[in-house]
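Colleague:
Protein chains: 2
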Amino acid sequence: MENKQKITIKDIARLTGLSKGTVDRVLHNREGVSKKSYAKVMKVIEDLGYEPNIYASLLAQNKERVVAVLLPRSKDGDFWELAEPGIVRGMDFGRNFGIKVQKVDYDQYDIESFRSACDEVLALEPAGVALPPMFKNETLVFTAKLRAANIPYVYFDSKLEDNGYLAYYGMPIYQSGYLCASILTDEMDMKEVGIIRIQRDKHGQSDPTINRREGFIDYISEHFPKCRISNVFINPNKPREIDGILAGFFAENPGIQSVAMFNSRIYLITRFLEKHPEKKCRVVGFDNLAANLLALKKGLVTSLIAQRPDVQVFSAISALTEYAVFGKAPAKRDNFMPMDILTRYNAEYY
Amino acid sequence: MENKQKITIKDIARLTGLSKGTVDRVLHNREGVSKKSYAKVMKVIEDLGYEPNIYASLLAQNKERVVAVLLPRSKDGDFWELAEPGIVRGMDFGRNFGIKVQKVDYDQYDIESFRSACDEVLALEPAGVALPPMFKNETLVFTAKLRAANIPYVYFDSKLEDNGYLAYYGMPIYQSGYLCASILTDEMDMKEVGIIRIQRDKHGQSDPTINRREGFIDYISEHFPKCRISNVFINPNKPREIDGILAGFFAENPGIQSVAMFNSRIYLITRFLEKHPEKKCRVVGFDNLAANLLALKKGLVTSLIAQRPDVQVFSAISALTEYAVFGKAPAKRDNFMPMDILTRYNAEYY
DNA sequence: AATTTTTCCGTTACCGTGCACGGAAACGAA
DNA sequence: TTCGTTTCCGTGCACGGTAACGGAAAAATT
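Going down the list, the sequences are from chains L and A.
Under the working numbering, the first residue of the first sequence carries the number 1282, and numbering increases by one thereafter.
Under the working numbering, the first residue of the second sequence carries the number 1282, and numbering increases by one thereafter.
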């Protein structure tokens, strides 16, 4: 194998007695080649293990291609803001290969804006699309179009089982809930736990927190069958209500020493707890938003379970780039990325 | 900015009234260009934001360069084995850019083998070297030679303060000890803790466990000033002695409920603990060796603090590759990578 | 047999950079 | 002035692959 005189199409042309034009036709399955010539070329390619020089190929093609990233528009200390550095890194990475990485964002609460963002992406005729599935049904419609247009796509953050994606980069959702419970109950005999949830009134949004809650509840019932689980609902759009609701909740359930929340808004709860230092709660939440990290530093949150949206989106972009440029699919299709446990002593290194 | 007619050296040549040969000389800081021409070319480059086409560049160069990775030879379930996947990934990555990534390993207990490995690396005339500093003095000698030969090098795992490295990818060592103590004492009133250490008799090896132990002890004395800290030494090369030593240690210090170890060999301890289930110890160790992970699964280890040698070595290789190919230095010089907290419920995703 | 059509293939001009070669101009020394 | 040196720069080929163009040969039609 180690006769490393990198063979070229010129070599193949010489060995087959054909011209490099014909070899090129064979390599790209273009028409206009006799069966005999085709077979001859293929044999030499097999025998010598020809691998095209991608630099030369890309140079000759000399066209700019684009990889689109479709995701919710981030504001302030939002979850999606965490993905931003990954997109920037992805742009850098793509640029090395002549790939333009273009972000297309939408309002995650406005399905119309999602639809038009999808159209915008299609109009780009991208070489690949990276996206988290937010609106479930619309996403399925969109990815069906992508498949029809033969455009590869990669899910990140969470995924749908549409069986057509090139790869997935994200957390194992259920297990993250399980992990959450195990941290919350570490070294304790858990008697009572509070779950704080967000009132949803949306049209079929893909909601990972449901699956996460299942993992949580399973852990609790496996390890502490007698533990009481109480739920309370808040609405993050009406922040003034929250304190009252929580005060009522804790008053009704005075035994609660542990609190969990399955979305990224745990900071809403610690705002309340900070004002009521008499409540010494063990608190576990998700995602390293700036506000959450602050609460962690202050000791109001015991641990955060974090994923790294930046790493995920970068992985998605680089997978699509390598697929577009080198034609190689990612080694693994489903890439469950680590669930990082953040405490006040290691958080700053993430 | 968006006048995206990708400009080329030919354009620059035209605009400056020079030839592409001269433009090329300017771009590569080669001699034989008058100050005036140099300035003219640079101005146009600045103004138009010229970026070279790397496909064309690599195609034209058409030469194989090598990035060397110098590290201890790994055996069985060794720490260094964990780096292996990162090297493979690095090879893949490098291949995309016509860079050959070559591993050169040595016996970490044999300074002579290290010296000859260094010579081997130098003989390769590499475009870059990635290495963890094992033998401190010898490493300084080696990196001095690299600097003299103008070969960039990147430390990973740990680093020396030689002020000449291109980048560092590794854990914040001291903080990892601090974190270790915080996990070990979580929710407990810590009265007594055992530290298990390895007898060293080596010639000036760079030993991160010392710094780590400092972090640990600082945390304990800050949070539990009255806590007693006992040390015991084992020799991993004489495994038959270990059980006896530990039995003696626990007999002498019956109050010990928590155990820490600052190298990757915590599995040596859990082997003993498994045979003595009456000792219910909280145990925290380092690094996700297969044997450690097994102990974690069995519940013999509470948590492992892990770094990701594979990610570190891959980061080192890709940094060197990008430096060699694109001439761009890494964004940050000192890259302190996350200290991952592994429990039995999240370990498998690392 | 003469023609058109189809099939097949070689030629050639790129793509953007790198670099060796050699020549012109400027400079210095005699 | 003449001749050698040095400085500076343009020319042209190479790198490996792509694809348009057009022509020769084979097949089909008249």
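The beta carbon of each residue, even a glycine, is placed where N, CA and C say it ideally should be.
Return the CA-CA distance between residue 1416(L) and residue 1396(L), expressed in angstroms with no decimal places.
Modeller: 10 Å
Colleague: Taking any Cβ of chain L, which residues in the segment 1293-1317 of chain A have a Cβ under 7 Å from it, in chain order?
Modeller: none
Colleague: Can you list the alpha helix (DSSP H) stretches of 4 or more residues lying completely in the segment 1398-1432 of chain A, in chain order?
Modeller: 1417-1429
Colleague: Using alpha carbons as the reference points, say which of 1596(L), 1573(L), 1594(L) and 1474(L) lies closest to residue 1536(L).
Modeller: 1474(L)
Colleague: State the Cα-Cα distance for the pair residue 1476(L) and residue 1511(L), rounded to the nearest angstrom.
Modeller: 6 Å
Colleague: Using a Cβ-Cβ distance cut-off of 8 Å, determine whether residue 1554(L) contacts chain A.
Modeller: no
Colleague: Is there at least one Cβ from chain A nearer than 8 Å to residue 1624(L)'s Cβ?
Modeller: yes
Colleague: Using a Cβ-Cβ cutoff of 9 Å, what residues of the segment 1438-1460 of chain L are near chain A? List them in chain order.
Modeller: 1452, 1453, 1456, 1457, 1459 and 1460
Colleague: With a cut-off of 8 Å, does the C-beta of residue 1618(L) fall near any C-beta of chain A?
Modeller: yes
Colleague: Quick check on residue 1589(L): buried or exposed, where buried means 16 or more other Cβ atoms within 10 Å of its Cβ?
Modeller: buried
Colleague: Strictly by DSSP, which residues pair up with residue 1568(A)?
Modeller: In the DSSP output, where bridge partners are listed per residue, residue 1568(A) has none listed.
Colleague: Are the segment 1614-1629 of chain A and the segment 1443-1451 of chain L in contact at 8 Å, needing three or more beta carbon pairs?
Modeller: no
Colleague: Assuming residue 1353(L) is part of the beta strand (DSSP E), what are its boundary residues?
Modeller: 1346-1353
Colleague: From residue 1497(A) to residue 1552(A), what distance separates their C-alpha atoms?
Modeller: 23 Å
Colleague: If we cut at 8 Å on Cβ distances, does residue 1463(L) have a partner in chain A?
Modeller: yes
Colleague: Would you report the Cα separation of residue 1426(L) and residue 1308(L), rounded to the nearest angstrom?
Modeller: 28 Å
Colleague: If you draw a straight line from the alpha carbon of residue 1431(A) to that of residue 1424(A), how long is it in whole angstroms?
Modeller: 10 Å
Colleague: I want to see whether chain A comes within less than 8 Å of residue 1621(L), judged by CB atoms only; does it?
Modeller: yes
Colleague: Assuming residue 1422(A) and residue 1410(A) make a contact with CB atoms under 8 Å, what is their CB distance in whole Å?
Modeller: So it is not a contact: roughly 14 Å between Cβ atoms.
Colleague: I want to see whether chain A comes within less than 8 Å of residue 1340(L), judged by CB atoms only; does it?
Modeller: yes
Colleague: Verify the CB distance criterion: does residue 1499(L) have a CB-CB separation below 8 Å to chain A?
Modeller: no
Colleague: How big is the Cα-Cα spacing for residue 1456(A) and residue 1595(L)?
Modeller: 28 Å
Colleague: Expressed to the nearest angstrom, what Euclidean distance is found between the alpha-carbon atoms of residue 1346(L) and residue 1315(L)?
Modeller: 33 Å
Colleague: If you reduce the DSSP assignment to three classes, tell me which class residue 1383(A) lands in.
Modeller: strand
Colleague: Quick one: what does DSSP say residue 1509(A) is sitting in, helix, strand or coil?
Modeller: strand
Colleague: Among 1605(A), 1624(A), 1591(A) and 1540(A), which has the Cα closest to the Cα of residue 1578(A)?
Modeller: 1624(A)
Colleague: Comparing the C-beta of residue 1335(A) with each C-beta of chain L, is any distance below 8 Å?
Modeller: yes
Colleague: Taking a cut of 9 Å between CB atoms, which residues from the segment 1532-1563 of chain A lie near chain L?
Modeller: 1563
Colleague: Per DSSP, what are the beta-bridge partners of residue 1585(A) in this structure?
Modeller: 1566(A) and 1623(A)
Colleague: Of the choices 1354(L), 1621(L), 1356(L) and 1374(L), whose alpha-carbon is the least far from that of residue 1585(A)?
Modeller: 1621(L)
Colleague: Does the beta carbon of residue 1607(A) sit closer than 8 Å to a beta carbon anywhere in chain L?
Modeller: Yes, residue 1607(A) counts as interfacial toward chain L.
Colleague: Tell me, to the nearest whole angstrom, how far the beta carbon of residue 1412(L) is from that of residue 1351(L); I am working on the premise that it is less than 8 Å.
Modeller: 4 Å
Colleague: Look at the alpha carbon of residue 1503(L) and the alpha carbon of residue 1626(A), and state the distance between them as a whole number of angstroms.
Modeller: 14 Å
Colleague: State the start and end residues of the unbroken alpha helix (DSSP H) segment that holds residue 1540(A).
Modeller: First-last for residue 1540(A): 1539-1542, but that is the beta strand (DSSP E), not the alpha helix (DSSP H).
Colleague: Can you tell me the Cβ-Cβ gap for residue 1592(A) and residue 1367(A), rounded? I've got them flagged as a contact below 8 Å.
Modeller: Sure, about 6 Å apart at Cβ, within 8 Å.
Colleague: Whose C-beta lies closer than 8 Å to the C-beta of residue 1464(A) among residues of the same chain, with five residues either side of it excluded?
Modeller: 1565, 1583, 1584, 1586 and 1622, listed in sequence order.
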